[in-house]
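Single-structure report; data block below.
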Amino acid sequence: MSDPRINERIRVPEVRLVGPNGEQVGIVRVEDALRLAAEADLDLVEVAPTAKPPVCKLMDFGKYKYEAAVKARESRKNQVNTVLKEVRFRLKIDKHDYETKTGHAKKFLSQGDKVKAIIQFRGREQQRPELGIKLLQQFAEDVAELGTVESQPRQDGRNMVMVVGPLRTKADARADQRKNSAESHRERQGGGSRRDQAAREAKERAAQKAASDSAPVRNSVGDAFPEQLKAMAARTQENASAAPAETKQAPKTPAPAAPRPAAAAPAAKPASSATPASAPKPAATPKPQSSAAPAATPKPRSAAKPAAPSSAPKPAAKPMPAPPKPAAPRGGAPKPGPRA
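Read in order, the letters of the sequence shown are residues 1351 to 1690 in the working numbering.
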């Protein structure tokens, strides 16, 4: 496509002028149109050269070329050729194979392509064309949500053919596909996958539910008590408030100063310690020095201990009588004297 004529390249005496905002100016001389374009710092572009007189518009020619290129690019992007897909059946096809091939046909139709269903006859199967027509009709009913029959079943040699066209164009299918991909891309950039978003929403709902369940419990704990407990609690509170008032009214009597028990308390310690020392040990004890050993080591005196226990004389230990020495052995029979 050649570029339109602009400014001085327009070689006609009169043009139908259109303003920059699309307003109709009318039929004017080309010289006046060029003067208006120069005053508005725009270009005079011939947009409809075949009209009588030609239609010209005041616009920015650079911007016009850019917009035209964008439109051409978009048209090429949306311009797609419909592809004819083939799905082959046998007259005695199994149920699972039939469902698989029907699924493929639905996928092709959803993408905007046509589907050509072919039934292959072998041997004596050519004598039963009604079975092939019945199978193709069943196939058309199964894909009726996505396509319509464009060509009725017809015999083509040993095969029977039927063409099913999509309900939506391929351009619409491509547009929906781009839209879905753009949404998935935004989800990945913004907040992760749909599973993560669903998990966060479920967690927020659980937190809100827990907060709503716990709020009434805090406010209604006192309401759950019976009336008797409430009355008893009120009486207890009144008694507690009255007791401090009575104690404040009672006169304060100075308590006598009690002597400090610090001096009397240590006096009992030496007495208890002196009791075993005053009692003499029995004489049968073989070691008299061991009883005097604890008395010989006096305890360190403190400032509060009295000196009475330490000044009392301790009884001396009685000396043990020495064991008697063994007597001389008594003589037995008298020794014989010398003979006279």
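C-beta atoms are modelled at their ideal positions from N, C-alpha and C, and glycine is treated no differently.
Open item on the list: I'd like the list of long-range same chain contacts for Thr1498, defined as Cβ closer than 8 Å, with 5 residues on each side in sequence excluded.
Closed with: Start at 1 with the first residue of the sequence shown, and residue 1498 comes out as number 148. Taken in chain order, the residues that qualify are Val1514, Gly1515, Leu1517.
- [ ] Express the C-alpha separation of Lys1529 and Arg1355 in angstroms, rounding to a whole number.
- [x] Stepping through the sequence shown from its first residue, residue 1355 is reached at position 5. Stepping through the sequence shown from its first residue, residue 1529 is reached at position 179. Rounded to the nearest whole angstrom, the CA to CA distance from Arg1355 to Lys1529 is 39 Å.
Task: The beta strand (DSSP E) enclosing Ile1377, as first and last residue numbers - done: The residue you call residue 1377 lines up with position 27 of the sequence shown. Run containing Ile1377: 1374-1379, per the beta strand (DSSP E) assignment.
Open item on the list: So, does the region 1378-1385 touch the region 1414-1427, judging by three or more C-beta pairs under 8 Å?
Closed with: In this structure the region 1378-1385 does not touch the region 1414-1427; the number of beta carbon pairs closer than 8 Å is below three.
Open item on the list: Using a 10 Å radius around the Cβ and a threshold of 16 neighbouring Cβ atoms, would you call Gly1412 buried or exposed?
Closed with: Here residue 1412 is taken as the residue at index 62 of the sequence shown, counted from 1. Classification for Gly1412: exposed.
TODO: Assuming Met1510 contacts Ile1469 (C-beta within less than 8 Å), just tell me the rounded distance between them.
DONE: Taking the first residue of the sequence shown as 1, we reach residue 1510 at position 160. Taking the first residue of the sequence shown as 1, we reach residue 1469 at position 119. The Cβ separation is near 4 Å, so the contact holds.
Open item on the list: What ranges does the beta strand (DSSP E) occupy inside the region 1433-1460, keeping only unbroken runs of at least 3 residues that lie completely in it?
Closed with: Unbroken beta strand (DSSP E) runs of no fewer than 3 residues, entirely contained in the region 1433-1460, are found at 1434-1440, following chain order.
TODO: Using 10 angstroms around the beta-carbon of Pro1404, count the other beta-carbons present and answer buried if the total reaches 16, otherwise exposed.
DONE: Here residue 1404 refers to the residue found at position 54 of the sequence shown. A residue is called buried once 16 or more other Cβ atoms fall within 10 Å of its Cβ, and Pro1404 is buried on that count.
- [ ] Measure the C-alpha to C-alpha separation of Gly1507 and His1535 and round it to an integer number of angstroms.
- [x] For this step, residue 1507 is matched to residue 157 along the sequence shown. For this step, residue 1535 is matched to residue 185 along the sequence shown. Distance between the alpha carbons of Gly1507 and His1535 is about 50 Å.
Open item on the list: Output needed for Ala1490: all residues of its chain with C-beta closer than 6 Å, excluding positions within five of it in sequence on either side, in chain order.
Closed with: Here residue 1490 refers to the residue found at position 140 when the sequence shown is read from its first residue. The answer, listed in chain order, is Val1499.
- [ ] Note down the Cα distance separating Ser1652 from Ala1583, rounded to an integer number of angstroms.
- [x] Looking up residue 1652 in the sequence shown gives position 302. Looking up residue 1583 in the sequence shown gives position 233. For Ser1652, the predicted structure reports a pLDDT of 48, less than 50, and the residue's modelled location is therefore unreliable. A value from the coordinates is still provided. Rounded to the nearest whole angstrom, the CA to CA distance from Ser1652 to Ala1583 is 57 Å.
Open item on the list: Using only the alpha-carbon positions, how far apart do Gln1505 and Phe1439 sit?
Closed with: Within the sequence shown, numbered from 1, the residue matching residue 1505 stands at position 155. Within the sequence shown, numbered from 1, the residue matching residue 1439 stands at position 89. If I take the Cα positions, the gap works out to 14 Å.
- [ ] Using 10 angstroms around the beta-carbon of Leu1394, count the other beta-carbons present and answer buried if the total reaches 16, otherwise exposed.
- [x] For the purposes of this step, residue 1394 is taken as residue 44 along the sequence shown, with counting starting at 1. That one is buried.
- [ ] With Gly1482 as the anchor, note down where its alpha helix (DSSP H) starts and where it stops.
- [x] In the sequence shown, residue 1482 corresponds to position 132, counting from 1. For Gly1482, the uninterrupted alpha helix (DSSP H) segment begins and ends at 1479-1492.
Open item on the list: Within 10 Å of its beta-carbon, does Val1362 have 16 or more other beta-carbons around it, so buried, or fewer, so exposed?
Closed with: By one-based count along the sequence shown, residue 1362 stands at place 12. Val1362 is exposed by the Cβ-count criterion.
Open item on the list: Short of 8 Å in beta carbon distance, which residues of its chain neighbour Ala1401, apart from the five on each side in sequence? Order them along the chain.
Closed with: Position 51 of the sequence shown holds residue 1401. Hits under 8 Å: Arg1366.
- [ ] Please specify which runs of the alpha helix (DSSP H), each continuous and at least 4 residues long, are wholly inside the region 1400-1429, giving them in chain order.
- [x] Fully enclosed alpha helix (DSSP H) runs of 4 or longer: 1411-1428.
Open item on the list: By the three-class DSSP mapping on this structure, what secondary structure does Arg1366 have?
Closed with: Position 16 of the sequence shown holds residue 1366. DSSP places Arg1366 in strand when its eight states are reduced to three.
Task: Anticipated Cβ contact below 8 Å, Leu1434 with Lys1466, distance rounded - done: The residue labelled residue 1434 in the question sits at position 84 within the sequence shown. The residue labelled residue 1466 in the question sits at position 116 within the sequence shown. With a Cβ gap of about 6 Å, Leu1434 and Lys1466 count as contacting.
- [ ] Return helix, strand or coil for Ala1390, following the three-state DSSP convention.
- [x] In the sequence shown, residue 1390 corresponds to position 40, counting from 1. Reduced to three states, the DSSP call for Ala1390 is coil.
TODO: Leaving out five residues on either side along the sequence, give the residues of the same chain with a beta carbon under 7 Å from the beta carbon of Thr1519.
DONE: The residue given as residue 1519 occupies position 169 in the sequence shown. When the five nearest sequence neighbours on each side are left out, the beta carbons in the same chain lying within less than 7 Å of the beta carbon of Thr1519 are those of Gly1462, in order along the chain.
Task: C-alpha distance - Leu1441 paired with Thr1432, whole-angstrom precision - done: Within the sequence shown, residue 1441 is the residue found at index 91, counting from 1. Within the sequence shown, residue 1432 is the residue found at index 82, counting from 1. Rounded to the nearest angstrom, the two C-alpha atoms are 28 Å apart.
TODO: Determine the DSSP secondary structure at Glu1495, reduced to helix, strand or coil.
DONE: In the sequence shown, the residue the question calls residue 1495 occupies position 145. Residue state, collapsed to three classes: coil.
Task: Proximity to Thr1452 [Cα-Cα], best of Lys1427, Glu1495, Leu1481 - done: Sequence index remark: in the sequence shown, residue 1452 carries index 102 (1-based). Distance from the Cα of Thr1452 is smallest, within the candidate group Lys1427, Glu1495, Leu1481, for Glu1495.
TODO: Let me know the secondary structure DSSP gives Gly1515 once reduced to three states.
DONE: Taking the sequence shown and counting its residues from 1, the one referred to as residue 1515 is at position 165. For Gly1515, the three-state secondary structure derived from DSSP is strand.
Task: Sub-8 Å separation of Val1397 and Ala1455 beta-carbons - done: Here residue 1397 corresponds to residue number 47 of the sequence shown, with the count starting at 1. Here residue 1455 corresponds to residue number 105 of the sequence shown, with the count starting at 1. The criterion of a C-beta distance shorter than 8 Å is not satisfied by Val1397 and Ala1455.
TODO: Could you tell me if Ala1387 is buried or exposed, where buried requires 16 or more neighbouring beta carbons within 10 angstroms of its beta carbon?
DONE: In the sequence shown, residue 1387 corresponds to position 37, counting from 1. That one is buried.
TODO: For the beta strand (DSSP E) containing Ile1468, list its first residue and its last residue.
DONE: By 1-based counting over the sequence shown, the position of residue 1468 is 118. Residues 1464-1470.
Task: Whole-angstrom distance between Ala1532 and Asp1526, CA atom to CA atom - done: Locating residue 1526 in the sequence shown gives position 176, where the first residue counts as 1. Locating residue 1532 in the sequence shown gives position 182, where the first residue counts as 1. Straight-line Cα distance between these residues: approximately 10 Å.
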